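Peer 1: The structure's right below; bear with me while I get my questions together.
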Amino acid sequence: MNGPSSDRTLASESAGGTAAKLLGIYLNDHLAGATAGTERAAHLARATRGSALGRAVAPVAAEIREDRAALLGIMRDLDVPVRRYKVWAGWAAERAGRLKSNGRLVRRSPLSTLLELEALRMAVEGKAAGWQTLRRLTATDDRLDPGLFDNLLERARRQQDTVEEWRVRQADTALRTADRSTASPAP
236 MNGPSSDRTL ASESAGGTAA KLLGIYLNDH LAGATAGTER AAHLARATRG SALGRAVAPV
296 AAEIREDRAA LLGIMRDLDV PVRRYKVWAG WAAERAGRLK SNGRLVRRSP LSTLLELEAL
356 RMAVEGKAAG WQTLRRLTAT DDRLDPGLFD NLLERARRQQ DTVEEWRVRQ ADTALRTADR
416 STASPAP
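Residues 236 to 422, numbered by my numbering, are exactly what the sequence shown covers, in order.
Next up, the structure:
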(Lines of atoms letter the chains of each structure in order from A; the text may use other names.)
(Lines give C-alpha, C1' and ligand atoms only; values in the text may rest on other atoms or scores of the structure.)
Protein backbone atom coordinates (compact mmCIF):
# COMPACT_ATOMS: atom_id res chain seq x y z
CA MET A 236 0.00 0.00 0.00
CA ASN A 237 1.11 3.49 -0.82
CA GLY A 238 -1.17 5.45 1.48
CA PRO A 239 -0.35 8.69 3.30
CA SER A 240 1.58 6.94 6.09
CA SER A 241 3.94 5.34 3.54
CA ASP A 242 4.61 8.73 1.99
CA ARG A 243 5.45 10.22 5.41
CA THR A 244 7.79 7.29 6.13
CA LEU A 245 9.60 7.77 2.82
CA ALA A 246 9.89 11.51 3.42
CA SER A 247 11.22 10.87 6.93
CA GLU A 248 13.78 8.32 5.68
CA SER A 249 14.79 10.68 2.88
CA ALA A 250 15.25 13.58 5.31
CA GLY A 251 17.21 11.32 7.67
CA GLY A 252 19.38 10.12 4.79
CA THR A 253 20.06 13.70 3.75
CA ALA A 254 20.89 14.70 7.32
CA ALA A 255 23.25 11.72 7.66
CA LYS A 256 24.92 12.61 4.37
CA LEU A 257 25.35 16.24 5.43
CA LEU A 258 26.73 15.17 8.82
CA GLY A 259 29.25 12.96 7.01
CA ILE A 260 30.36 15.87 4.84
CA TYR A 261 30.56 18.14 7.90
CA LEU A 262 32.66 15.68 9.90
CA ASN A 263 34.99 14.96 6.98
CA ASP A 264 35.49 18.68 6.44
CA HIS A 265 36.39 19.02 10.12
CA LEU A 266 38.72 16.03 9.77
CA ALA A 267 40.50 17.82 6.92
CA GLY A 268 40.85 20.88 9.16
CA ALA A 269 41.97 18.72 12.08
CA THR A 270 44.62 17.16 9.86
CA ALA A 271 45.92 20.60 8.86
CA GLY A 272 45.78 21.83 12.47
CA THR A 273 47.61 18.76 13.77
CA GLU A 274 50.36 19.23 11.19
CA ARG A 275 50.61 22.98 11.90
CA ALA A 276 50.83 22.47 15.66
CA ALA A 277 53.45 19.72 15.33
CA HIS A 278 55.52 21.85 12.95
CA LEU A 279 55.41 24.84 15.30
CA ALA A 280 56.35 22.67 18.30
CA ARG A 281 59.35 21.26 16.38
CA ALA A 282 60.44 24.68 15.08
CA THR A 283 60.38 26.23 18.57
CA ARG A 284 61.71 23.25 20.52
CA GLY A 285 63.91 24.27 23.44
CA SER A 286 62.33 27.71 23.83
CA ALA A 287 59.64 28.88 26.24
CA LEU A 288 57.21 28.97 23.32
CA GLY A 289 58.15 25.41 22.40
CA ARG A 290 57.51 24.24 25.96
CA ALA A 291 54.08 25.93 25.87
CA VAL A 292 53.10 24.70 22.41
CA ALA A 293 54.28 21.07 22.68
CA PRO A 294 51.47 20.01 25.06
CA VAL A 295 48.93 21.88 22.91
CA ALA A 296 50.21 20.04 19.83
CA ALA A 297 49.84 16.71 21.64
CA GLU A 298 46.27 17.58 22.65
CA ILE A 299 45.40 18.64 19.12
CA ARG A 300 46.62 15.25 17.90
CA GLU A 301 44.41 13.60 20.55
CA ASP A 302 41.45 15.77 19.47
CA ARG A 303 41.87 14.56 15.90
CA ALA A 304 41.84 10.97 17.17
CA ALA A 305 38.67 11.78 19.15
CA LEU A 306 37.05 13.08 15.97
CA LEU A 307 37.93 9.84 14.19
CA GLY A 308 36.36 7.91 17.07
CA ILE A 309 33.19 10.00 16.83
CA MET A 310 33.03 9.37 13.11
CA ARG A 311 33.44 5.64 13.74
CA ASP A 312 30.65 5.71 16.36
CA LEU A 313 28.38 7.45 13.86
CA ASP A 314 29.35 5.10 11.00
CA VAL A 315 30.69 8.01 8.97
CA PRO A 316 33.33 6.84 6.49
CA VAL A 317 36.59 8.78 6.31
CA ARG A 318 37.05 10.48 2.94
CA ARG A 319 40.78 10.05 2.41
CA TYR A 320 40.93 12.71 -0.29
CA LYS A 321 39.76 15.31 2.25
CA VAL A 322 42.41 14.17 4.74
CA TRP A 323 45.01 14.49 2.01
CA ALA A 324 43.68 17.92 1.03
CA GLY A 325 44.00 19.12 4.64
CA TRP A 326 47.56 17.82 4.81
CA ALA A 327 48.47 19.41 1.46
CA ALA A 328 46.89 22.75 2.37
CA GLU A 329 48.95 22.95 5.55
CA ARG A 330 52.15 22.16 3.65
CA ALA A 331 51.34 24.73 0.98
CA GLY A 332 50.77 27.30 3.73
CA ARG A 333 54.41 26.94 4.72
CA LEU A 334 55.53 28.30 1.34
CA LYS A 335 54.53 31.88 2.12
CA SER A 336 57.12 34.61 2.03
CA ASN A 337 58.42 35.55 5.47
CA GLY A 338 61.07 38.10 4.58
CA ARG A 339 63.92 35.58 4.85
CA LEU A 340 65.21 33.00 2.43
CA VAL A 341 66.95 30.46 4.65
CA ARG A 342 66.13 30.99 8.33
CA ARG A 343 62.81 31.30 10.11
CA SER A 344 61.57 34.81 10.57
CA PRO A 345 59.80 36.02 13.72
CA LEU A 346 56.95 36.67 11.31
CA SER A 347 56.80 32.92 10.50
CA THR A 348 56.08 32.10 14.12
CA LEU A 349 53.47 34.84 14.41
CA LEU A 350 51.64 33.67 11.29
CA GLU A 351 51.79 30.05 12.45
CA LEU A 352 50.33 31.01 15.84
CA GLU A 353 47.56 32.91 14.09
CA ALA A 354 46.80 29.92 11.86
CA LEU A 355 46.82 27.67 14.91
CA ARG A 356 44.44 30.02 16.72
CA MET A 357 42.00 29.84 13.80
CA ALA A 358 42.30 26.04 13.72
CA VAL A 359 41.50 25.73 17.43
CA GLU A 360 38.57 28.14 17.09
CA GLY A 361 37.20 26.12 14.16
CA LYS A 362 37.58 22.91 16.14
CA ALA A 363 35.75 24.44 19.11
CA ALA A 364 32.89 25.50 16.82
CA GLY A 365 32.66 21.92 15.57
CA TRP A 366 32.58 20.54 19.11
CA GLN A 367 29.83 23.04 19.98
CA THR A 368 27.75 21.93 17.00
CA LEU A 369 28.18 18.26 17.88
CA ARG A 370 27.40 18.99 21.54
CA ARG A 371 24.05 20.40 20.44
CA LEU A 372 23.35 17.18 18.51
CA THR A 373 23.64 15.14 21.71
CA ALA A 374 20.08 16.22 22.50
CA THR A 375 18.77 14.18 19.56
CA ASP A 376 21.42 11.52 18.95
CA ASP A 377 22.16 9.12 21.80
CA ARG A 378 25.29 7.86 20.03
CA LEU A 379 26.95 11.13 21.04
CA ASP A 380 28.19 11.60 24.61
CA PRO A 381 27.57 15.13 25.94
CA GLY A 382 30.29 14.69 28.58
CA LEU A 383 32.87 13.99 25.87
CA PHE A 384 32.00 17.24 24.10
CA ASP A 385 32.03 19.19 27.36
CA ASN A 386 35.59 17.93 27.96
CA LEU A 387 36.67 18.62 24.38
CA LEU A 388 35.25 22.14 24.56
CA GLU A 389 37.02 22.87 27.84
CA ARG A 390 40.29 21.62 26.39
CA ALA A 391 39.79 23.76 23.27
CA ARG A 392 39.26 26.82 25.49
CA ARG A 393 42.54 26.13 27.31
CA GLN A 394 44.30 25.68 23.98
CA GLN A 395 42.85 28.99 22.75
CA ASP A 396 44.11 30.75 25.87
CA THR A 397 47.63 29.36 25.48
CA VAL A 398 47.87 30.07 21.77
CA GLU A 399 46.47 33.59 22.16
CA GLU A 400 48.89 34.44 24.98
CA TRP A 401 51.85 33.42 22.83
CA ARG A 402 50.41 35.01 19.68
CA VAL A 403 50.25 38.38 21.46
CA ARG A 404 53.80 37.97 22.76
CA GLN A 405 55.09 37.04 19.31
CA ALA A 406 53.26 39.96 17.68
CA ASP A 407 54.88 42.33 20.17
CA THR A 408 58.29 40.85 19.40
CA ALA A 409 57.97 40.50 15.63
CA LEU A 410 56.25 43.78 14.89
CA ARG A 411 57.72 46.07 17.53
CA THR A 412 58.47 49.44 16.05
CA ALA A 413 61.02 51.94 17.24
CA ASP A 414 60.09 53.82 20.38
CA ARG A 415 58.04 56.78 19.16
CA SER A 416 59.75 59.13 21.62
CA THR A 417 63.09 58.61 19.85
CA ALA A 418 61.68 58.55 16.32
CA SER A 419 62.10 61.67 14.28
CA PRO A 420 58.98 63.82 14.05
CA ALA A 421 56.99 63.80 10.86
CA PRO A 422 57.46 66.88 8.63
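Just so you know, even glycine gets a beta-carbon here, dropped at the ideal spot from N, CA and C. Quick caveat, the model's predicted, so the values are computed rather than measured.
Measuring alpha carbon to alpha carbon, tell me which residue in 257, 367, 396 is nearest residue 356.
Peer 2: For the purposes of this step, residue 356 is taken as residue 121 along the sequence shown, with counting starting at 1. The candidate whose alpha carbon is nearest that of residue 356 is 396.
Peer 1: Excluding five sequence neighbours on each side, which residues of the same chain lie with their C-beta closer than 6 angstroms to the C-beta of residue 315?
Peer 2: For the purposes of this step, residue 315 is taken as residue 80 along the sequence shown, with counting starting at 1. Closer than 6 angstroms at the Cβ level, and outside the excluded window around residue 315, lie 259, 262.
Peer 1: Going by alpha carbons, who is nearest to residue 255 out of 267, 313, 278, 389?
Peer 2: Position 20 of the sequence shown, counted from the start, is the residue given in the question as residue 255. Checked all of 267, 313, 278, 389; the closest Cα to residue 255 is 313.
Peer 1: Answer yes or no: do residue 321 and residue 269 have a C-beta to C-beta separation smaller than 7 angstroms?
Peer 2: On the sequence shown, residue 321 is found 86 positions in, with the first residue counted as 1. On the sequence shown, residue 269 is found 34 positions in, with the first residue counted as 1. No, they are not a contact pair.
Peer 1: Span of the alpha helix (DSSP H) holding residue 361?
Peer 2: Here the question's residue 361 lines up with position 126 in the sequence shown. Counting along the chain, the alpha helix (DSSP H) containing residue 361 begins and ends at 345–372.
Peer 1: Jot down the residue ranges of each uninterrupted alpha helix (DSSP H) in the segment 243–325, minimum 4 residues, whole runs only, in chain order.
Peer 2: Taking only runs of at least 4 residues, the alpha helix (DSSP H) segments lying wholly in the segment 243–325 are 287–312.
Peer 1: CA-CA distance, residue 307 and residue 323?
Peer 2: In the sequence shown, counting from the first residue as 1, residue 307 sits at position 72. In the sequence shown, counting from the first residue as 1, residue 323 sits at position 88. In a straight line, the C-alpha of residue 307 is about 15 angstroms away from that of residue 323.
Peer 1: Can you name the start and end residues of the alpha helix (DSSP H) that residue 407 belongs to?
Peer 2: Along the sequence shown, read from residue 1 onward, the residue named residue 407 stands at position 172. Unbroken alpha helix (DSSP H) run through residue 407: 381–409.
Peer 1: Can you name, in chain order, every residue of its own chain whose Cβ lies under 8 angstroms from the Cβ of residue 369, other than the five neighbours on each side?
Peer 2: Here residue 369 is taken as the residue at index 134 of the sequence shown, counted from 1. Once the five neighbours on either side are set aside, the close Cβ partners of residue 369 are 309, 379, 384.
Peer 1: Around the C-beta of residue 365, are 16 or more other C-beta atoms found within 10 angstroms, so that it is buried, or is it exposed?
Peer 2: Locating residue 365 in the sequence shown gives position 130, counting from the first residue. By the neighbour-count rule (16 or more Cβ atoms within 10 Å), residue 365 is buried.
Peer 1: With a threshold of 16 other CB atoms inside 10 Å of the CB of residue 415, please say whether the residue is buried or exposed.
Peer 2: As a working mapping, residue 415 is identified with position 180 in the sequence shown. Here the model assigns residue 415 a pLDDT of 43, short of 50, so the residue's position is not dependable, and the following value carries that caveat. The residue in question, residue 415, is exposed, as its Cβ has fewer than 16 Cβ neighbours within 10 Å.
Peer 1: Please name the residue, chosen from 407, 361, 401, that lies closest to residue 290 on a Cα-to-Cα basis.
Peer 2: As a working note, residue 290 is residue 55 in the sequence shown. Among 407, 361, 401, the Cα nearest to that of residue 290 is on 401.
Peer 1: Using 10 angstroms around the beta-carbon of residue 389, count the other beta-carbons present and answer buried if the total reaches 16, otherwise exposed.
Peer 2: In the sequence shown, counting from the first residue as 1, residue 389 sits at position 154. Per the 10 Å Cβ criterion, exposed.
Peer 1: Going by the beta-carbon positions, is the gap between residue 394 and residue 352 smaller than 7 angstroms?
Peer 2: Here residue 394 refers to the residue found at position 159 of the sequence shown. Here residue 352 refers to the residue found at position 117 of the sequence shown. Cβ distance not < 7 angstroms, so residue 394 and residue 352 don't count as in contact.
Peer 1: To the nearest whole angstrom, what separates the beta carbons of residue 303 and residue 273, a pair I think is in contact under 8 angstroms?
Peer 2: Working through the sequence shown from its first residue, we reach residue 303 at position 68. Working through the sequence shown from its first residue, we reach residue 273 at position 38. Correct: roughly 5 angstroms between the Cβ atoms.
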